[in-house]
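Chains as they are written, first to last, in my numbering: chain P, 1325 to 1698; chain H, 1325 to 1698.
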């Protein structure tokens, strides 16, 4: 129950153990085609450029920047956690100029600040932001940010690593342009793949570049010759065949459950966990209307030791939760209820484990105090 | 029996289906440490920077160039097949200047030409070459090329995708500096990971760069904080946990068999296949002393149709072999005897299938001729 990878469903694990076939085998091409259609469903898009990059979400982020940013390009980057900072790093490594809009870690992106940054940088052509900040459990208003970008003639470049499959990511309805995610969060697949979708507008920008994409491996122009339409596929790299079996199965399961039902499940389980944790006196970092149901960031109660509790959960309950990152290190825990991990039995396990550990820690503290006062 | 992915051993498939644990879990860190030691064995090196990149071999190639090449750097690139061409592309995308040394597809790299290129480009600091050309089945003299590079104060950047585990790759003894491979060839693991090793000399070059590595995802300085020494690992990206279970198991199996035994097995099976194919009148593209035992490139006999034979092998024998690439398209087949695929039963299947198909094609041709002459 950390911030991902989430538990992987046995059906997905079994799929990954099927015999490896060739990456140009016609049966495998059929599977790729199904993966693309299923990802279009997950992203709620008709974008033809919708496929999984053969590398983790961090590479998905880089692929979006590497394709869209050229040397000298100004990019407005919103930062309210770890991954906004990584976006800045990516812009710089592509030779772009990041215009930073910073918000407190644990708060959503402030649309007024973004509006101001876009207004004072009329030559910016990309607005990059994290929809669901994995480091803080905050959801930002992707639709509102997309509207602002559109008004200022900018493309949106969006991190949906933690949101996809767990809460609405409506690519077409919200008008998002380049979106990347990860296989290991709410899709309940093993880590290692990064679903990506590019709008027609974003694709035009890639096609009209003045310079080649600096990464050969991530160049969409080349990748799409392999992931593109029709029976004729051009070899680009050897696809991670078994990993794609797994992603395929996880997407089939999402389709079976239904996207809306998956969102509902994540929300309902979050509310139950919240009640349980609050009953133990554990408070949430993020204000109610900005919380991600799949990633519960809670403040570490003053009397408890971060590392002690996390290692106790691991040792006695075989339960992993996430630590805080950056300025939140030592201040918060991150409890994932993602994908297959978002189940009532996990909530019971988690709340029960916390209750027991808090009692133990409290009892031990009493003993310590008594000993010290002797 | 294509040019990779090879058949994956059931033990490796089973390993990939084990439950996913956290990428920062201490049990997983232990597994990472074992993978590094096992890869040092496979590469025959004591390089501390020896790890699997979380992406396919093509990304491994790019990682080597992105870390070692800076804008304006001259790189001598040998091309005698597809992958030398991809190296050129990588040099250019890193802002480097490729100095090409070209040899015929199907021949080994000519050391005299390389010597001449190094002599006339004394400012070049990298010699890049493919040890085992997957597109042609040719092995080049890595030790000889490394000696030349050393004499001219160049680092070597070496593609060992198809050689690692199938024929000797003696990184330390030969003095190779940056070497990348793939999980899906002679290691018999699923595709998706790229084992990489960097010598101390190569690492110094990365550390003394004038500019940042243009790829965040492939920046060795950052990756090694996660794959480095000791218990303390810094999160970089979410590692492909299940894929690494698989690689670990495949490397354990290589250790059990013994590297020398694995090389012997690949060589012995190659010789048997060669005898069988030659008995059917099928000739090899590559001269005897330059052949890779794990990748048999054979000329398509004049009376046979490339696509017809390959689809017949697939349809009637469930047997995949590789087509020719580039100038060799339609002229050769590529028959892999890699890793777990390098077994006597596969040789029997392959030779038997060819014998039967050749007879069928010949009989059908006779019928056609008779019908036409009526």
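All residues carry an ideal CB built from backbone N, CA and C; glycine is no exception. Fair warning: this is a prediction, and the values are worked out from it, not measured in the lab.
Top-ranked residue by Cα proximity to residue 1496 of chain H, from H/1553, H/1425, H/1383, H/1470: H/1470
Rounded separation between residue 1605 of chain P and residue 1622 of chain P - CA only: 10 angstroms
Helix, strand or coil at residue 1350 of chain P [DSSP, three-state]: helix
Burial state of residue 1711 of chain H (16 or more Cβ within 10 Å): Any answer about residue 1711 of chain H is impossible in this case: the structure gives chain H only from 1325 up to 1698.
Burial state of residue 1403 of chain P, where buried means 16 or more other Cβ atoms lie within 10 Å: buried
Reference residue 1597 of chain P; option with closest CA among P/1516, P/1662, P/1411: P/1662
Residue 1342 of chain H, DSSP secondary structure in three states: coil
Helix, strand or coil at residue 1618 of chain P according to DSSP, with G and I counted as helix: coil
Rounded C-alpha distance that separates residue 1659 of chain P from residue 1407 of chain H: 45 angstroms
Alpha helix (DSSP H) segments (min. 4 residues) lying fully within the region 1475-1505 of chain H: 1495-1498
Cut-off 6 angstroms between Cβ atoms - residues of its own chain near residue 1340 of chain P, not counting five sequence neighbours on either side: 1566, 1569, 1570
Extent of the continuous beta strand (DSSP E) to which residue 1452 of chain H belongs: 1450-1454
Residue 1483 of chain H versus H/1501, H/1476, H/1473, residue with shortest Cα-Cα distance: H/1501
Reduced DSSP category for residue 1335 of chain H - H, G, I as helix; E, B as strand; rest coil: helix
9 angstroms Cβ cutoff, residue 1540 of chain P in contact with chain H: yes
Selection from P/1512, P/1610, P/1377, P/1638 that minimises the alpha carbon distance to residue 1456 of chain P: P/1610
Anticipated Cβ contact below 8 angstroms, residue 1702 of chain P with residue 1516 of chain H, distance rounded: Limits of chain P in this structure are 1325 at one end and 1698 at the other, which puts residue 1702 of chain P out of reach.
9 angstroms Cβ cut-off: residues of chain P touching residue 1515 of chain H: 1344, 1347, 1378, 1561, 1562, 1563, 1564, 1565, 1566, 1567
Reduced DSSP category for residue 1674 of chain H - H, G, I as helix; E, B as strand; rest coil: helix
Nearest to residue 1573 of chain H (by Cα), restricted to the options H/1513, H/1618, H/1540: H/1513
Per-residue contacts from residue 1508 of chain H into chain P (C-beta, under 7 angstroms): 1562
Three CB pairs or more closer than 8 angstroms across the region 1537-1545 of chain H and the region 1414-1427 of chain P: yes
DSSP three-state assignment for residue 1551 of chain H, whether helix, strand or coil: helix
Neighbour flag for residue 1427 of chain H against chain P, beta carbons, 9 angstroms: no
Where residue 1332 of chain P meets chain H, residues with beta-carbon distance less than 8 angstroms: 1343, 1344, 1566
Separation of residue 1378 of chain H from residue 1449 of chain H, as counted between CA atoms: 27 angstroms
At least 3 beta-carbon pairs within less than 8 angstroms: the region 1429-1444 of chain H vs the region 1487-1496 of chain H: no
Residues that DSSP places opposite residue 1540 of chain H in a beta bridge: DSSP, once it has assigned bridges, lists no residue as partnering residue 1540 of chain H.
CB contact below 9 angstroms: residue 1383 of chain H versus chain P: yes
Start-end ranges of the alpha helix (DSSP H) lying completely within the region 1645-1674 of chain P, minimum 4 residues: none
Within-9 angstroms CB hit, residue 1414 of chain P to chain H: yes
Those runs of the alpha helix (DSSP H) which lie wholly inside the region 1581-1635 of chain H and span at least 4 residues: 1583-1603
Inter-residue Cα distance where the pair is residue 1668 of chain H and residue 1593 of chain H: 7 angstroms
Neighbourhood of residue 1405 of chain H by C-beta, 6 angstroms cutoff - its chain only, sequence neighbours within 5 removed: 1429, 1457, 1459, 1460
Residue burial classification, residue 1422 of chain P (beta-carbon count within 10 angstroms, cutoff 16): buried
Below-9 angstroms beta-carbon distance, residue 1662 of chain H vs any chain P residue: no
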